[in-house]
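Since the structure comes first, as structure tokens, the remarks are kept for the end.
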Amino acid sequence: MNPSELKDFLDEKVLQYNTLDFIESDPVQIPHLFSQKEDIEIAGFLSATIAWGNRKMIIKNSHRMMGLMGNAPYDFVMSHTENDLEQLELFVHRTFNGQDFASFIRSLQHVYANHGGLEVVFSKHQETHSMQKSIHEFKKIFFEIPHPHRTQKHISDPLNNSAAKRINMYLRWMIRQDNKGVDLGIWKSISPASLSCPLDVHSGNVARKLGLLTRKQNDGKALSELDTNLRKLDGIDPVKYDFALFGLGVFEGF
């Protein structure tokens, strides 16, 4: 396919997959449970954090996380007691355990109480065509209070050549204005043009088959290459193509 045909093909796939039906089988459904801004962004952050492995299990465990917080994430973050955190100890999703969960609650409280909240922290270091420095700075703030060393691995650092798939997916949910009801678009201080595609096995393999990616590893350098090529297709809303790449990979076995 030439560039024009490729764009037409992918635009068509975006329309096919960027629909409300997508929500049913995706963890983006978790922040959709809430209406208050802080509840949406905390629910999204926690569910994106555990978004690896079997999708049904991700969704099941994300619902369990919300239940352990009384289905009031912001209130739980801001007013929890140590006894409340002890109730989280039995939670586990892959390598994310109750100790990590409790640590994340403490760090989120720190972010809201001392740094103005998640949107403020992420918007502070945004660059014109990149959120990578912003993610790096966010991780520093998130872990500037005492925490178990093991917990740091659950937030990737793109400046260490990570594709940071889960946190880029989270930012897509919060920032992208899709008018289709999938991405929530509640953060108005960051442009969707700055977003990066959540790069994983599925989107990476499809991108290689379509000539959008040549690098073999799904790392930070690959993400930069993919972002560059997606911005050529749409510089205003480049990560809309995540729906096309993911849909082609997961639903069509492209």
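When you read off a place in the sequence shown, starting at 1, and then add 92, the result is the number in our numbering.
The C-beta atom is built at its ideal place from N, Cα and C for all residues, glycine as well.
Look at S254 and G190 and say whether their C-beta atoms are less than 8 Å apart.
-> Cβ atoms of S254 and G190: not closer than 8 Å.
Given 8 Å as the limit, is there contact between the stretch 125-137 and the stretch 261-278, that is, 3 or more CB pairs closer than that?
-> Verdict: yes, contact present.
Between F230 and M161, what straight-line distance do the alpha-carbon atoms span, to the nearest angstrom?
-> Rounded to whole angstroms, F230 and M161 show a C-alpha spacing of 23 Å.
Keeping to the same chain, check which residues put their C-beta closer than 7 Å to that of G339; ignore five residues upstream and five downstream.
-> Only K105, Q108, Y109 meet the Cβ criterion.
Beta-ladder partner(s) of V184, from DSSP = Paired residue(s): N189.
Element boundaries [alpha helix (DSSP H), containing N297] | Here the alpha helix (DSSP H) through N297 covers 293-301.
Determine the DSSP secondary structure at E236, reduced to helix, strand or coil.
-> Here E236 carries a coil assignment [DSSP, helix/strand/coil].
Is the number of C-beta pairs between the stretch 187-206 and the stretch 264-274 that are closer than 8 Å three or more?
-> No contact exists between the stretch 187-206 and the stretch 264-274.
Residue-level contact to chain C via CB, R258, 8 Å cutoff = Of the protein chains in the structure, only one exists, and it is not chain C.
Could you give the DSSP three-state label for S215: helix, strand or coil?
-> Three-state DSSP puts S215 in a helix.
Supposed contact pair H228 and L251 - C-beta distance, whole angstroms, cut 8 Å = About 4 Å separates the Cβ atoms of L251 and H228, confirming a contact at the 8 Å cut-off.
Reducing DSSP to helix, strand and coil, say where S222 ends up.
-> Judged by DSSP in its simplified three-state form, S222 adopts strand.
Anyone know if the C-beta pair for I233 and V203 falls short of 8 Å?
-> Yes, they are a contact pair.
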